[in-house]
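K.L.:
So that we are looking at the same thing, I have put the structure below in structure tokens.
Numbering (the numbering used here), first residue to last: 4 to 76.
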């Protein structure tokens, strides 16, 4: 089950929840119990297996082998 990041629209608390994709709309704030939460976009990294930059992802992040179209090199 994936982790999703949320921010409470009522108190501003940011938190992560491990929840199924279908149940994201049922998440409430663990601090205030508020039901108005916004899912935050945290991005992702994909490894396409065709990295020309074996020393890192090409974005200066220092992570190995994200490569592919976006990996630079």
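By construction, the Cβ of each residue, glycine as well, lies at the ideal position given by its N, Cα and C atoms. Computed from a predicted structure; not experimentally measured.
Whole angstroms is fine: what's the gap from residue 42's alpha carbon to residue 51's?
P.N.:
Locating residue 42 in the chain shown gives position 39, where the first residue counts as 1. Locating residue 51 in the chain shown gives position 48, where the first residue counts as 1. When rounded, the distance between both Cα atoms is 26 angstroms.
K.L.:
Under 8 angstroms, do residue 17 and residue 10 count as touching if we go by C-beta distance?
P.N.:
Taking the first residue of the chain shown as position 1, residue 17 is located at position 14. Taking the first residue of the chain shown as position 1, residue 10 is located at position 7. Yes, the pair counts as a contact, with Cβ atoms nearer than the cut-off.
K.L.:
To the nearest angstrom, how far is it from the Cα of residue 15 to the Cα of residue 4?
P.N.:
Residue numbering aside, residue 15 sits at position 12 when the chain shown is read from its first letter. Residue numbering aside, residue 4 sits at position 1 when the chain shown is read from its first letter. Approximately 25 angstroms between the Cα atoms of the pair.
K.L.:
Measure the alpha-carbon distance for residue 6 versus residue 20 and round it to whole angstroms.
P.N.:
Position 3 of the chain shown holds residue 6. Position 17 of the chain shown holds residue 20. Those two C-alpha atoms are separated by around 5 angstroms.
K.L.:
Determine the extent of the beta strand (DSSP E) in which residue 22 is found, giving its start and end residues.
P.N.:
Within the chain shown, residue 22 is the residue found at index 19, counting from 1. Element bounds for residue 22: n/a, residue is neither H nor E.
K.L.:
Residues bridged to residue 34 by DSSP?
P.N.:
To locate residue 34, count along the chain shown from 1; it is residue 31. The partner list for residue 34 (beta bridge, DSSP) is empty, contrary to what the question assumes.
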